[in-house]
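Student:
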Amino acid sequence: ILKKNPDYWRPGLPHMERVIARSFPDASVRLQSFLKGEADFLTHPDPKDVGEVQKNPDVVTHSTAGWTWDYQHFNLSENKEMPYHNKLVRQAISYAIDREALKNEIYHGQATVTDNAIPPGFLGHRKSLLKYPKNGDLKKAKELMAQAGVSGGFEVEVMTSDKDWVRKELELVAAMVSQIGIKYKIRNMDIGSFNNLWINNKKGFQQMLEDITIVAPDPHATVYWFLHSKGSVSSGYNNPAMDKALESAMATSDPAARAKLYHQVVDMTLEDCSLIYHLNANYVRMHKKNLSGFSPAPQEYIEMMDT
C-alpha cells in the first residue's frame with residue numbers, strides 16, 4: 001500500500017490518496033480480477049486476451065514498444081565439459097529458434113523479433129534481424145552441430161524465473177532445439193532464487209532463458225553489463241576485442257563514432273552468441289476508462305501517473 005506524501009515537492013501531486021498494488025502470478029486470474037472491478041489498472045495480461053479486451057468500451061489498452069529483450073544466456077565461466085562452450089553450438093541454437101513463432105505464440109504479435117541487443121530507437125540500431133532468419137534454419141543448425149562434433153546432441157539444464165510468459169517461451173524453445181538433438185532440462189525457479197544464481201552464484205547454473213528491461217535509453221545499458229569481461233552478469237564471456245569496443249564506445253562522445261563501435265559490438269555478439277536474443281516485447285497495460293493521466297513508458301518498472 002503506497003500512501004500519498006503530503007510534503008511531496010511538486011505542487012498538486014500525487015493526485016491519488018493511495019495506491020494498492022496486488023500480485024497475481026497467473027495471467028488469467030489477473031485479468032478476471034481486473035474485469036470484475038477488483039483492480040483498476042493491469043500490467044502483463046496474457047497477450048492472447050488483448051484483442052478481445054480491446055473491444056471493451058470501458059477499458060483503455062496501451063501497447064508500447066519496450067526497452068527489453070527475451071534472451072538465452074550461457075554460463076561460460078563454469079561447466080567446461082558442456083558442448084555449448086563451442087560457439088558453433090551456440091550459433092546452431094540461434095539458427096534453430098523460430099522467433100516469429102515465439103512472437104505469435106507467446107505475445108500474439110505484441111513484440112518485434114530480433115537477434116541483437118540494441119532495440120529500435122537506440123543509437124546504433126540497424127535492423128531487428130541482422131543474421132538469423134525469423135523462422136530459423138534447421139538445416140544450417142544441424143550443419144553447425146555436425147561441424148562442432150556434437151551431431152548426436154546433448155542435455156543441458158536451462159533455468160528460468162516464475163514469470164508465466166517466460167516459462168511458456170522456454171517450453172517452446174525446448175521443442176525447437178530438440179529438433180537438432182539438444183534436450184533442455186527445464187528448471188523453473190522463483191525470481192529471488194533465479195537472480196541469486198544468475199548474478200551471485202555463477203557455478204549454480206548452466207544456461208538460462210529470461211526477459212529483461214533495459215535501464216536507460218543509451219546503448220551502453222544494453223550491452224556492457226552482459227558482454228564486457230568484467231560486466232556484472234557476463235557469466236564468463238571474455239573477448240578482448242569486445243572489451244576494447246565497449247570501452248571505446250563508453251569514452252566516445254561523437255554519436256556517429258559511437259554508433260560504429262556499437263555496430264562492432266553487435267556483429268561480435270552475432271558471431272559469438274554468448275547471448276541469443278529472441279525478441280523485443282511490447283509492454284501492455286490496461287486501465288478503467290474513468291482513469292486519466294497515465295503515460296505509458298517503455299520500461300517495465302516505471303509507470304507515469306502524474307499528468
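Going by our numbering, the sequence shown opens with residue 1, and the numbers climb by one from there. Heads up, the beta-carbon is just placed ideally off N, CA and C, and yes, glycines get one too.
Kindly list the residues whose CB is nearer than 7 Å to the CB of K80, restricted to its own chain and excluding five residues on each side of it in sequence; keep chain order.
Tutor: Indexing the sequence shown from 1 puts residue 80 at position 80. If we look at K80 and ignore the five residues flanking it on each side, it has no Cβ neighbours.
Student: Got a sec, what are the start and stop residues for the beta strand (DSSP E) V59 sits in?
Tutor: As a first step, residue 59 is located in the sequence shown; it is residue number 59 there, counting from the start. Here the beta strand (DSSP E) through V59 covers V59 to A65.
Student: Taking the alpha-carbon positions, what's the K168 to A65 distance?
Tutor: Along the sequence shown, one-based indexing puts residue 168 at 168. Along the sequence shown, one-based indexing puts residue 65 at 65. Near 21 Å, if we compare the C-alpha coordinates of A65 and K168.
Student: Under a Cβ-count criterion, where at least 16 other Cβ atoms within 10 Å of its own Cβ denotes burial, should A96 be classed as buried or exposed?
Tutor: As a first step, residue 96 must be located in the sequence shown, where it is residue number 96. When all chains shown are included, A96 counts as buried.
Student: Looking at the secondary structure, which residues open and close the beta strand (DSSP E) in which E155 lies?
Tutor: Within the sequence shown, numbered from 1, the residue matching residue 155 stands at position 155. Here the beta strand (DSSP E) through E155 covers F154 to T160.
Student: So for Q207, helix, strand or coil by DSSP?
Tutor: As a working mapping, residue 207 is identified with position 207 in the sequence shown. Q207 falls in the strand class under three-state DSSP.
Student: Three-state secondary structure (DSSP) at R258?
Tutor: Stepping through the sequence shown from its first residue, residue 258 is reached at position 258. Of the three classes helix, strand and coil, the one that applies to R258 here is helix, per DSSP.
Student: Which of the three DSSP states is assigned to S128 in this structure?
Tutor: Numbered from its first residue, the sequence shown carries residue 128 at position 128. Residue state, collapsed to three classes: coil.
Student: Give me the DSSP bridge partner(s) of N188.
Tutor: Sequence index remark: in the sequence shown, residue 188 carries index 188 (1-based). N188 pairs with T160.
Student: For W9, is the classification buried or exposed, using 16 other Cβ atoms within 10 angstroms of its Cβ as the cut-off for buried?
Tutor: Along the sequence shown, one-based indexing puts residue 9 at 9. Exposed, since its Cβ has fewer than 16 Cβ neighbours within 10 Å.
Student: Quick check on Q72: does DSSP put it in helix, strand or coil?
Tutor: Along the sequence shown, read from residue 1 onward, the residue named residue 72 stands at position 72. Here Q72 sits in strand by DSSP.
Student: Tell me the rounded alpha-carbon separation between K289 and Y184.
Tutor: Against the sequence shown, residue 289 aligns to sequence position 289. Against the sequence shown, residue 184 aligns to sequence position 184. When rounded, the distance between both Cα atoms is 44 Å.
Student: Apply the 10 Å Cβ neighbour rule to G124 and answer buried if 16 or more other Cβ atoms are within range, or exposed otherwise.
Tutor: In the sequence shown, the residue the question calls residue 124 occupies position 124. With at least 16 other beta carbons inside 10 angstroms of its own, G124 counts as buried.
Student: Check whether the Cβ atoms of P217 and H62 sit closer than 8 Å, and answer yes or no.
Tutor: Taking the sequence shown and counting its residues from 1, the one referred to as residue 217 is at position 217. Taking the sequence shown and counting its residues from 1, the one referred to as residue 62 is at position 62. No. Outside cutoff.
Student: By DSSP, does F41 sit in helix, in strand, or in coil?
Tutor: Reading the sequence shown from its first residue, position 41 is the one you call residue 41. Of the three classes helix, strand and coil, the one that applies to F41 here is strand, per DSSP.
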